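Student: The structure is given below, and queries will be raised subsequently.
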Ligand SMILES: Nc1ncnc2c1ncn2[C@@H]1O[C@H](COP(=O)(O)OP(=O)(O)OP(=O)(O)O)[C@@H](O)[C@H]1O
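In the UniProt record's numbering, the protein residues as written are 1 to 281.
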């Protein structure tokens, strides 16, 4: 799903954090029996069937599955951009739409969608200004997030002067500048070459380690990307997407690039690969 980030301001412009009175104990998102059918009658397409899983607060969940299995659809349902056909998605008593309206979500798509006529810094500031954040506050948050993603020296450059990986880091900075409780990433590194992609994965681990309060949902086709990044991998079947298995990734954090060579990593990758291939045979 490649969508312009600023085309849906309510959805993309995220996050005045709503602090809860008590620390959360149970899951922060409960997805129960979710189904999604597009269209009606003979043209009806069943994209998701009976999808259920929980997301723990502050965890990193990867949605992994073949093309067309409904990963992006599931993320859109979670983000309150489309209604479910059946089942429910519950954010501690609030609906995805309520969460979206409260700007609890930051979203990063495969294409960063930056405005070339604005500087990097002003790209990060723009959506904040659109929701009424003062110029000074927007600048402070943009600078903080550009430092977090390692682009402080590129604030005054134009997006076209940056590499693909750097542009995607700007998109991540822009999403985080809203201080969202939930960061949803739809194949954010899918358009990058393999080496840049691997570097970005490590970069995301670093950013993630310094932002422990955020709960991340990350869509990917890549088994190794899912295992490297996630605490939990939701493995989905081909369309209509169902949950084949939820796999906990009990690898210690902080994680670095060399963890890919560890036996534990390779074992989890193998388990997921077997699961996916068993479905095809
Ligand atoms: N608005 C829509 N109307 C009709 N069908 C749709 C719509 N959106 C998605 N679909 C269908 O639902 C199915 C799931 O699509 P979705 O984009 O969620 O899959 P995906 O797993 O994210 O795929 P990819 O990995 O290729 O991005 C596909 O068959 C798609 O054609």
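Even glycine gets a Cβ: it sits at the ideal position worked out from N, Cα and C.
In this text, all values refer to a predicted model and were calculated from it rather than measured experimentally.
When burial is assigned at 16 or more other CB atoms within 10 Å of the CB, is residue 147 buried or exposed?
Tutor: Exposed, since its Cβ has fewer than 16 Cβ neighbours within 10 Å.
Student: In chain order, which beta strand (DSSP E) runs of at least 3 residues are fully inside the segment 70 to 102?
Tutor: Runs found: 86 to 90.
Student: With a Cβ-Cβ cutoff of 7 Å, do residue 284 and residue 136 count as a contact?
Tutor: With the chain represented from 1 up to 281, any question about residue 284 goes unanswered, as that position is not in the structure.
Student: Could you tell me whether any non-hydrogen atom of ligand 1 is closer than 6 Å to the CB of residue 237?
Tutor: False, no ligand heavy atom lies under 6 Å from that Cβ.
Student: Should residue 120 be listed as close to ligand 1, given that the test is whether its C-beta is under 6 Å from any heavy atom?
Tutor: For ligand 1, not one heavy atom lies less than 6 Å from the Cβ of residue 120.
Student: How would you write the range of the alpha helix (DSSP H) that residue 225 sits in, first residue to last?
Tutor: Its alpha helix (DSSP H) spans residues 223 to 229.
Student: By how many angstroms is the C-alpha of residue 275 removed from the C-alpha of residue 22?
Tutor: Unreliable positioning characterises residue 22 in this predicted model, as indicated by a pLDDT of 47, which lies under 50. The coordinate reading is nonetheless provided below. Answer to the nearest angstrom: the Cα atoms are 39 Å apart.
Student: Say whether the segment 255 to 269 touches the segment 87 to 106, bearing in mind that this needs 3 or more beta-carbon pairs closer than 8 Å, one atom from each stretch.
Tutor: Touching, no, given that fewer than three Cβ pairs across the two stretches are closer than 8 Å.
Student: Output needed for residue 266: all residues of its chain with C-beta closer than 7 Å, excluding positions within five of it in sequence on either side, in chain order.
Tutor: Once the five neighbours on either side are set aside, residue 266 has no close Cβ partner at all.
Student: Given a cut-off of 7 Å, decide if residue 158 and residue 186 are closer than it, judged by their beta-carbon atoms.
Tutor: No, they are not a contact pair.
Student: How long is the line joining the alpha carbons of residue 287 and residue 144, rounded to whole angstroms?
Tutor: With the chain represented from 1 up to 281, any question about residue 287 goes unanswered, as that position is not in the structure.
Student: Could you tell me the alpha carbon to alpha carbon distance between residue 197 and residue 65, rounded to whole angstroms?
Tutor: Cα to Cα, the separation comes out at about 18 Å.
Student: Could you check which residue in 162, 49, 228, 29 has the C-alpha nearest to that of residue 240?
Tutor: Among 162, 49, 228, 29, the Cα nearest to that of residue 240 belongs to 49.
Student: Give the C-beta separation of residue 189 and residue 168 to the nearest angstrom, bearing in mind that I take them to be a contact with Cβ-Cβ under 8 Å.
Tutor: Yes, they are in contact, since the Cβ atoms of residue 189 and residue 168 sit about 7 Å apart, within 8 Å.
Student: Is it buried or exposed, residue 277, if we count other Cβ atoms within 10 angstroms and call 16 or more buried?
Tutor: Answer is exposed; the Cβ neighbour count stays below 16.
Student: Given residue 220, which residues of its chain have a CB within under 7 Å of its CB, disregarding the five upstream and five downstream residues?
Tutor: Contacts found: 62, 64, 187, 226.
Student: At a cut-off of 6 Å, would you count residue 45 as near ligand 2, judging by its Cβ distance to the nearest heavy atom?
Tutor: Ligand 2 is absent from the structure shown, which contains only ligand 1.
Student: Here's the rule I'm using: 16 or more other beta-carbon atoms within 10 Å means buried, otherwise exposed. How should residue 44 be labelled?
Tutor: Classification for residue 44: exposed.
Student: For residue 208 and residue 41, what's the separation of their Cα atoms in angstroms?
Tutor: For residue 208 and residue 41, the distance between alpha carbons rounds to 44 Å.
Student: Ordered along the chain, which non-local residues of its own chain (more than five positions away) have a Cβ less than 6 Å from that of residue 71?
Tutor: The answer, listed in chain order, is 63, 65, 219.
Student: If I follow the unbroken beta strand (DSSP E) through residue 46, where does it start and stop?
Tutor: 45 to 55 is the extent of the beta strand (DSSP E) around residue 46.
Student: Can you give the Cα-Cα distance for residue 178 and residue 106, rounded to whole angstroms?
Tutor: Each residue's alpha carbon lies about 7 Å from the other.
Student: Three-state secondary structure (DSSP) at residue 217?
Tutor: Correct three-state label for residue 217: strand.
Student: In the DSSP output, what is residue 64 paired with across the bridge?
Tutor: DSSP output for residue 64 lists 220, 235 as bridge partner(s).
Student: Once DSSP output is grouped into helix, strand and coil, what is the label at residue 21?
Tutor: Here the model assigns residue 21 a pLDDT of 44, short of 50, so the residue's position is not dependable and the matter cannot be decided.
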